[in-house]
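Engineer: Below: one structure in C-alpha cells.
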Amino acid sequence: MIKVSVMYPNGKDVQFDTDYYKNSHLPMISKSLGKDLKGLEFEVGIAGRQPGELAPYVAIAHLLFDDVASFKSSFAPHAATFAADVKNYSNVDGELQISELITLS
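Here the sequence shown is numbered in our numbering, starting from 319 and rising by one per residue.
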C-alpha cells in the first residue's frame with residue numbers, strides 16, 4: 319500500500335479555502351480516481367512546534383492506493399483538471415510525496 323500526500327506550505331500570505339477543498343475539490347478527486355482510491359484523509363494545520371508558530375503546512379491530503387502503478391494510471395488522466403482547480407482554493411501549489419506504508423507489529 320502507498321500513501322500519496324499533497325502538502326500545502328503555510329506562510330503569512332498563504333490563502334487556503336478549507337470549505338472549498340473539503341466540499342468540492344476532494345469529492346472531485348475521489349469521484350475521478352474511482353475504485354483505485356482506497357482511502358482519503360484531510361488535515362488542517364493548526365500550529366507549529368513552538369508556541370505561536372504557524373503549522374508548516376496549511377493543509378495536507380493523504381490518498382491511499384494499492385501501488386504506484388494504480389496511482390499513476392488513475393491520476394494521470396485527470397492531473398490537468400486537478401491542477402486547474404487549485405486557483406479556486408489556494409494561492410500556493412501543493413508538494414506531492416509518495417510513500418510506502420510499512421506496518422509495525
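We put the beta carbon where it would ideally sit given N, CA and C, even for glycine.
For isoleucine 416, report the span of its beta strand (DSSP E) as first-last.
Structural biologist: Working through the sequence shown from its first residue, we reach residue 416 at position 98. From DSSP, the beta strand (DSSP E) with isoleucine 416 extends over 413-418.
Engineer: Taking the beta strand (DSSP E) that valine 376 falls in, what are its first and last residues?
Structural biologist: Counted from its first residue, the sequence shown places residue 376 at position 58. Where valine 376 is concerned, the enclosing beta strand (DSSP E) stretches over 375-383.
Engineer: What ranges does the alpha helix (DSSP H) occupy inside the region 337-407, keeping only unbroken runs of at least 4 residues that lie completely in it?
Structural biologist: 344-351, 386-393 and 397-403, all fully within the region 337-407.
Engineer: Output needed for isoleucine 364: all residues of its chain with C-beta closer than 8 angstroms, excluding positions within five of it in sequence on either side, in chain order.
Structural biologist: Counted from its first residue, the sequence shown places residue 364 at position 46. The answer, listed in chain order, is Ala373.
Engineer: Would you kindly check if the distance between the Cβ of valine 362 and the Cβ of threonine 399 is under 7 angstroms?
Structural biologist: Position 81 of the sequence shown holds residue 399. Position 44 of the sequence shown holds residue 362. The answer is no: Cβ separation not under 7 angstroms.
Engineer: If distances are taken between C-alpha atoms only, which option among Arg367, Lys330, Leu351 and Ser342 comes closest to valine 322?
Structural biologist: Looking up residue 322 in the sequence shown gives position 4. Of Arg367, Lys330, Leu351 and Ser342, the residue nearest in Cα terms is Leu351.
Engineer: DSSP puts valine 322 in a beta bridge; with which residues?
Structural biologist: Position 4 of the sequence shown, counted from the first residue, corresponds to residue 322. According to DSSP, valine 322 bridges with Leu381 and Ile416.
Engineer: Can you say whether alanine 401 is buried or exposed, counting buried as having 16 or more other CB atoms within 10 angstroms of its CB?
Structural biologist: The residue given as residue 401 occupies position 83 in the sequence shown. Per the 10 Å Cβ criterion, exposed.
Engineer: By Cβ distance, which residues of its chain are closer than 6 angstroms to histidine 396, with the 5 residues on each side in sequence left out?
Structural biologist: As a first step, residue 396 is located in the sequence shown; it is residue number 78 there, counting from the start. So the list reads Ser350, once near-sequence residues are dropped.
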